[in-house]
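Protein chains: 2
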Amino acid sequence: MQYSYQQLAAQLAQEITSSHYPIGERLPSVRSLAALHHVSVSTAIRCYRHLEQVGLVEARAKSGIFVADWKMRRRDSGTANTALHADASARQRANREALQPVSYDKLRSLQHRMSELYLLTEQPLQWGLHLASAAPEWYPTADLSKIAQRLLRQHPEMLGEYPTGTGLPALKEQLVQWFSIFNMEVHPSELLVTNGSTEALSIALRAVAQAGDSVVVESPVYFGLLQVIENLGMRAIAIPCTEKDGMSMEALDYVLEHQSGIKAIVVMPNFQNPLGCHMPVKNKKRLLKLAEQWDLAVIEDDVFADVAPSTAFTERAQPLKSWDRHGRVIYCGSCSKSMAPAFKIGWVAGGRFHAKIAALKLSLSLVTPLVEQRVLSEFMQSGAMHGHLRKLRERLAATIPLATRAVQAYFPSGTQLISTAGGWWLWIALPEEVDTLVLLRRSVAQGLSFTPGAMFSNADKFAHFLRLNIARPWGRDMERALQLLGELTRQLLLETGDRGQISRPQN
Amino acid sequence: MQYSYQQLAAQLAQEITSSHYPIGERLPSVRSLAALHHVSVSTAIRCYRHLEQVGLVEARAKSGIFVADWKMRRRDSGTANTALHADASARQRANREALQPVSYDKLRSLQHRMSELYLLTEQPLQWGLHLASAAPEWYPTADLSKIAQRLLRQHPEMLGEYPTGTGLPALKEQLVQWFSIFNMEVHPSELLVTNGSTEALSIALRAVAQAGDSVVVESPVYFGLLQVIENLGMRAIAIPCTEKDGMSMEALDYVLEHQSGIKAIVVMPNFQNPLGCHMPVKNKKRLLKLAEQWDLAVIEDDVFADVAPSTAFTERAQPLKSWDRHGRVIYCGSCSKSMAPAFKIGWVAGGRFHAKIAALKLSLSLVTPLVEQRVLSEFMQSGAMHGHLRKLRERLAATIPLATRAVQAYFPSGTQLISTAGGWWLWIALPEEVDTLVLLRRSVAQGLSFTPGAMFSNADKFAHFLRLNIARPWGRDMERALQLLGELTRQLLLETGDRGQISRPQN
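Chains A and B, in that order, give the protein sequences.
Under the numbering used here, read the first sequence as residues 1 to 507, first letter to last.
Under the numbering used here, read the second sequence as residues 1 to 507, first letter to last.
See the structure below:
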């Protein structure tokens with residue numbers, strides 16, 4: 001992306017170095033330049049300032065702007081020359097970065113997998129299906145917007161107030177009431193409002209473990225968590241999950257008995273990402289018992305539970321935290337999936353770790369802005385949340401049979417649809433020969449993205465898996481997306497032949 | 001703070017254990033209970049659920065709610081009893097925490113000084129003068145609110161959008177234009193929008209140093225920075241500052257030559273907190289040279305520069321970053337002091353560290369919400385920022401002579417007003433016998449808070465200093481605040497006598 005002053009500067013630089021404007025010649029005034037090129041005066045100023053810095057023009061007091069003796073300067077080894085090069089190379093570097101393509105191999109890097117995936121979001125994509133978001137129109141944006149407008153009209157002064165505290169008391173009270181519906185008793189004083197659940201997870205990890213420590217995670221696991229753990233200098237020990245029950249208790253038991261240095265278990269007991277499964281209650285209790293036995297903290301990521309499919313008996317699965325009698329579970333939630341994706345409001349109920357978590361939050365980002373918290377708490381208080389969540393779940397569920405049929409129709413045999421994850425995404429195992437990183441590179445070239453399976457592992461697993469976001473109205477457009485992806489998969493299979501291996505991407 | 005369901009539960013529990021409701025008796029239905037006590041149905045449900053959890057009532061399917069055999073249960077050593085006690089003690093603990101008074105001695109703790117100071121904000125104070133905020137009515141809240149309302153009305157769908165990316169491009173472009181006014185050339189691609197400047201500082205530190213490394217800071221220094229450094233397991237080496245020029249270049253030179261393990265210099269070259277001073281340009285250049293010589297990163301905290309007093313020649317002091325040719329300076333700024341305190345929007349121009357900083361931001365809090373960024377960018381684009389900043393500076397400046405006179409009038413001799421910090425705060429040295437932690441405890445008891453000097457040091461310096469926020473309309477109220485503080489200081493002096501020492505607070 002080039003900005004107009006840079007474009008203008010580039011053009012003038014070309015005109016100067018090609019001697020269209022010879023050395024010593026007077027250049028148009030700032031105002032003339034602006035008028036000449038249909039840019040603002042400030043753009044013209046910035047253009048000349050830039051050219052001055054790189055040594056092509058010079059401003060002479062009270063007489064104007066002139067072409068500098070740039071040939072002389074370039075011959076010099078003085079500071080102007082160094083600055084010119086430094087500036088030019090910095091600019092080139094920055095431009096390169098702005099245009100940087102996705103490095104598909106970096107999607108495997110523990111330190112970069114999430115950053116790299118987010119680069120995909122900057123690409124022009126017809127079907128950007130690599131995140132886990134739902135269609136914006138499926139959120140109560142009209143209600144939220146109305147509440148926000150009213151608050152802003154009635155209390156504009158709130159925008160001048162410096163936020164303090166661990167969260168808006170009114171929001172905490174709404175959250176506590178919501179928690180009590182699924183039998184999770186949390187006192188507002190052990191609740192902290194965060195900048196989304198990523199901040200909650202990141203703080204929780206820092207509160208219970210240090211660089212060099214190990215933490216247990218699921219496999220497959222939410223890729224973002226792996227990057228957080230890596231960047232904290234911790235080690236993730238991945239415990240296999242089954243599609244039905246989530247984290248294997250047998251494997252967990254074994255690992256805790258045989259490995260030392262483990263400080264915490266990070267788990268999504270309700271609606272695991274990417275498997276979409278819930279842990280059975282008996283496993284939840286067993287996990288808590290193991291945590292007690294080995295004196296571990298449990299970090300519970302519950303962000304999808306509010307929007308997971310409901311069963312006949314319960315609206316909402318009970319989190320581990322609801323059975324936690326020793327303050328051992330750090331519960332992390334957010335409104336990003338359930339109510340207001342744009343708000344980035346999360347929360348953490350820290351149990352015995354609350355004080356440490358609150359101190360870390362202050363070190364990380366001081367406080368969470370209050371305006372969104374006000375809007376959210378009024379929305380929750382209005383009672384509209386229940387109806388909205390029911391509708392959102394229904395919409396998500398309605399997509400499932402259509403997406404399932406599309407996978408059956410368009411994908412080659414040997415493809416397994418492991419989970420439809422409550423209508424949020426598909427978790428698909430393609431035939432083993434298919435490297436989904438290669439498939440991703442090709443499908444992005446056709447305007448379609450997904451999350452490659454390799455990202456969900458820290459041990460090169462799931463290389464032939466993919467996660468595809470489907471939480472949007474299903475129509476011809478999505479049908480075409482699945483068709484395209486199926487075709488690309490077939491092509492890859494044909495290229496590899498029966499036993500062949502596809503070479504990994506080079507960049 | 002007790003919630004109505006808890007109050008109701010406490011009352012019912014009392015009635016049950018005093019046998020007003022005997023064991024086995026049927027209790028009012030949920031709806032009757034709600035009507036009887038003028039509470040909502042959901043409160044009544046929560047009350048009964050709570051009593052059920054502690055074993056005082058039991059719900060029998062299709063017949064109602066009955067008083068449980070709680071005497072039997074209490075005699076048992078079973079789970080109900082344990083749960084009852086665990087629940088009760090958790091509740092008691094939580095209640096204690098909610099009412100926890102400020103531990104003045106913890107204001108000295110590197111790990112807790114900021115958390116503890118923030119506890120002051122939860123106290124009922126007539127004069128809460130311990131932060132560095134300005135009066136809400138001094139911000140362009142009407143303009144900001146209007147922009148926000150219009151955006152929400154026209155684009156409610158934005159609330160449903162999952163934010164991605166390193167910041168709103170339109171805001172980045174406004175920031176880059178603003179930077180160019182003070183000769184700081186930053187490309188949007190090396191700019192990252194953060195959740196306020198604390199997040200920017202915290203990420204910057206993690207990008208350039210690890211646990212065990214040392215970083216150079218100023219002395220006195222912003223206390224928040226010390227807690228951030230401590231919580232990252234790093235060591236702060238404090239370099240003395242002068243009231244006139246800020247960080248001493250001679251001391252810095254000496255320290256860099258004699259200490260190893262230093263990775264970065266964190267500095268506020270423009271409007272230092274708490275001294276309010278600017279580094280002279282030659283010192284800024286010398287600092288950059290030293291950083292180059294010793295291969296150090298420089299983290300520049302520039303949050304106050306936009307609202308520092310302007311000189312005759314410049315509207316705005318030039319940051320170190322404007323002379324940085326090697327991408328060595330990580331520049332941190334924010335709108336919290338200058339434009340919109342409630343937004344908590346900050347930014348960091350990371351130079352050569354940008355990629356690492358962007359990856360760390362994803363691990364910390366993914367992205368910064370976009371709604372505030374949209375409002376801020378429109379406000380900046382409207383051109384209203386310049387007028388607002390001029391007015392804000394004038395208002396701040398107008399307070400200075402009044403505050404100065406008040407200090408002269410009310411404080412005992414031996415008091416030195418070191419800085420009036422552009423009208424943001426007073427940095428005062430009281431007679432050496434006065435421990436401002438003791439003074440703070442007493443003044444909070446009278447409804448007045450300030451920041452004790454000890455917080456600005458990691459080496460027990462500035463024990464008789466204090467910082468007092470004055471950025472608000474000056475009137476009788478502020479006059480009384482200064483009078484009160486002066487009196488309390490005199491009392492303390494009288495108690496200690498000429499040579500006496502005041503004992504430190506115990507809690």
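Idealized CB from N, CA, C, for every residue including glycine.
So, residue i versus residue j, is the Cβ gap smaller than 9 Å?
| i | j | result |
| --- | --- | --- |
| residue 371(A) | residue 151(A) | yes |
| residue 196(A) | residue 336(A) | yes |
| residue 203(A) | residue 215(A) | no |
| residue 361(B) | residue 194(B) | yes |
| residue 307(B) | residue 201(B) | no |
| residue 322(B) | residue 184(B) | yes |
| residue 273(B) | residue 363(A) | no |
9 Å is my cut-off, CB to CB: does residue i come that close to chain A?
| i | result |
| --- | --- |
| residue 162(B) | yes |
| residue 472(B) | no |
| residue 509(B) | Outside the displayed range of chain B (1 to 507) lies residue 509(B), so it cannot be described from this structure. |
| residue 372(B) | yes |
| residue 413(B) | no |
| residue 386(B) | no |
| residue 42(B) | yes |
| residue 467(B) | no |
Within 9 Å (strictly less), CB to CB, does residue i reach chain B?
| i | result |
| --- | --- |
| residue 344(A) | yes |
| residue 129(A) | no |
| residue 195(A) | yes |
| residue 183(A) | yes |
| residue 210(A) | yes |
| residue 231(A) | yes |
Does DSSP put residue i in a helix, in a strand, or in coil?
| i | result |
| --- | --- |
| residue 458(A) | coil |
| residue 452(A) | strand |
| residue 67(B) | strand |
| residue 481(B) | helix |
| residue 41(B) | helix |
| residue 9(A) | helix |
| residue 138(A) | helix |
| residue 211(B) | coil |
| residue 300(A) | strand |
| residue 162(A) | coil |
| residue 193(A) | strand |
| residue 353(B) | helix |
| residue 337(B) | coil |
Would you mind telling me which residues of chain A sit closer than 7 Å to residue i, beta carbon to beta carbon, in chain order?
| i | result |
| --- | --- |
| residue 341(B) | 160, 161 and 162 |
| residue 157(B) | 136, 137 and 141 |
| residue 149(B) | 149, 152 and 153 |
| residue 399(B) | Within chain A, no residue comes near residue 399(B); the closest Cβ sits about 17 Å away, beyond 7 Å. |
So which residues on chain A does residue i lean against when the C-beta distance must stay under 8 Å?
| i | result |
| --- | --- |
| residue 447(B) | Those do not exist, as residue 447(B) stays about 17 Å from chain A at its closest Cβ, beyond 8 Å. |
| residue 480(B) | Within 8 Å Cβ-Cβ: nothing; residue 480(B) doesn't reach chain A, min ~23 Å. |
| residue 300(B) | What residue 300(B) touches in chain A: nothing, since even the nearest Cβ is about 17 Å away. |
| residue 144(B) | 156 and 159 |
Hey, is residue i close to the ligand MG, as in C-beta under 8 Å from one of its heavy atoms?
| i | result |
| --- | --- |
| residue 197(B) | Of the ligands one can find in the structure shown there are none, so the ligand MG has no counterpart to examine. |
Taking residue i as the query, report the chain E residues whose CB atoms sit under 7 Å from its CB, ordered along the chain.
| i | result |
| --- | --- |
| residue 489(B) | Structure shown: chain E not included; protein chains present are A and B. |
What does residue i touch in chain B if you count any residue whose Cβ is under 9 Å from its own?
| i | result |
| --- | --- |
| residue 319(A) | Under the 9 Å cutoff, chain B gives no residues; its nearest Cβ is about 16 Å from residue 319(A). |
| residue 49(A) | 180, 183 and 185 |
Could you tell me which chain B residues have their CB closer than 7 Å to the CB of residue i, listed as they occur along the chain?
| i | result |
| --- | --- |
| residue 122(A) | 165 |
What does residue i reach in chain A if we use C-beta pairs closer than 9 Å?
| i | result |
| --- | --- |
| residue 114(B) | 359, 362, 363 and 366 |
| residue 439(B) | Per Cβ cutoff of 9 Å: no residues; residue 439(B) is ~22 Å from chain A at best. |
Name, please, each residue of chain B whose Cβ falls closer than 8 Å to the Cβ of residue i.
| i | result |
| --- | --- |
| residue 111(A) | 359 |
| residue 222(A) | By Cβ distance, chain B contributes nothing, its closest Cβ being about 12 Å from residue 222(A), past 8 Å. |
| residue 177(A) | 42 and 46 |
For the structure I just gave you, are there three or more beta carbon pairs, one from the region 260 to 268 of chain B and one from the region 138 to 151 of chain B, closer than 8 Å?
no
Is the number of C-beta pairs between the region 218 to 232 of chain A and the region 352 to 359 of chain A that are closer than 8 Å three or more?
Too few Cβ pairs lie closer than 8 Å, so no.
Take every Cβ of the region 466 to 486 of chain A, pair it with every Cβ of the region 122 to 133 of chain A, and state whether three or more of those distances are shorter than 8 Å.
yes
With contact counted as at least three CB pairs below 8 Å, one residue from each stretch, are the region 460 to 469 of chain B and the region 415 to 435 of chain B in contact?
yes
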